[in-house]
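In terms of our numbering, the sequence shown is residues 377 to 534. Heads up, the beta-carbon is just placed ideally off N, CA and C, and yes, glycines get one too. Before any comments, here is the structure.
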Amino acid sequence: MRRLACGVVTLFLVLWTPLHAQNFVLHAQNLAGDERKAKIDELKGKIFDAHMAQQTFAEGLQHCSELDGKSFFFQLRRRMLNLEDYLRSLENLAKAQVYNPEKRRPWSLEDAKQRWEEVKKQAQEDKQKCELVHSLPELEKRLQELEQNAAASDKPEH
């Protein structure tokens, strides 16, 4: 009886192991396909963002060499402004109690600080837009390569 039990267990292991290995391989292939699809989708998203930046930030893109995080593109006046100079201007507006049309009252130091934080953030966003648009050809090339590799690996082998 003991021999029979050992034989059954051995037979089970012999038959089960290839099935389990095949399932493992299929599962690994599915995971690789999902990861590849996620990378392709991420690249497509970046490419879309770059095209949108080209359209919505076209005038600012002309000044990318200056958009290094220390300057920002002021859309209303279509010009570059240095952050440090802008901070001094904000401080002077607050000291002189110049009317702030946004707040409908004179500028305060708190208003100046708030605006300063906004333009610092804008300077970083402008820099990122330039970097993204600059990387567009490389992103499109990588997408094409990934899609070609995905198509090649999805073809059934005979």
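Item	Value
Go through the segment 422-465 residue by residue and report every complete run of the alpha helix (DSSP H) that reaches 4 residues or more, in order.	434-437
State yes or no: is the C-beta of Q473 within less than 7 Å of the C-beta of P482?	yes
Can you name, in chain order, every residue of its own chain whose Cβ lies under 8 Å from the Cβ of E516, other than the five neighbours on each side?	I423
Using the C-alpha atoms, what's the distance from F449 back to N458?	9 Å
What's the C-alpha gap between G445 and E493?	13 Å
Compare the C-alpha of E442 against each of A499, Q524 and D461 and name the closest.	A499
Helix, strand or coil for P477, going by three-state DSSP, please let me know.	coil
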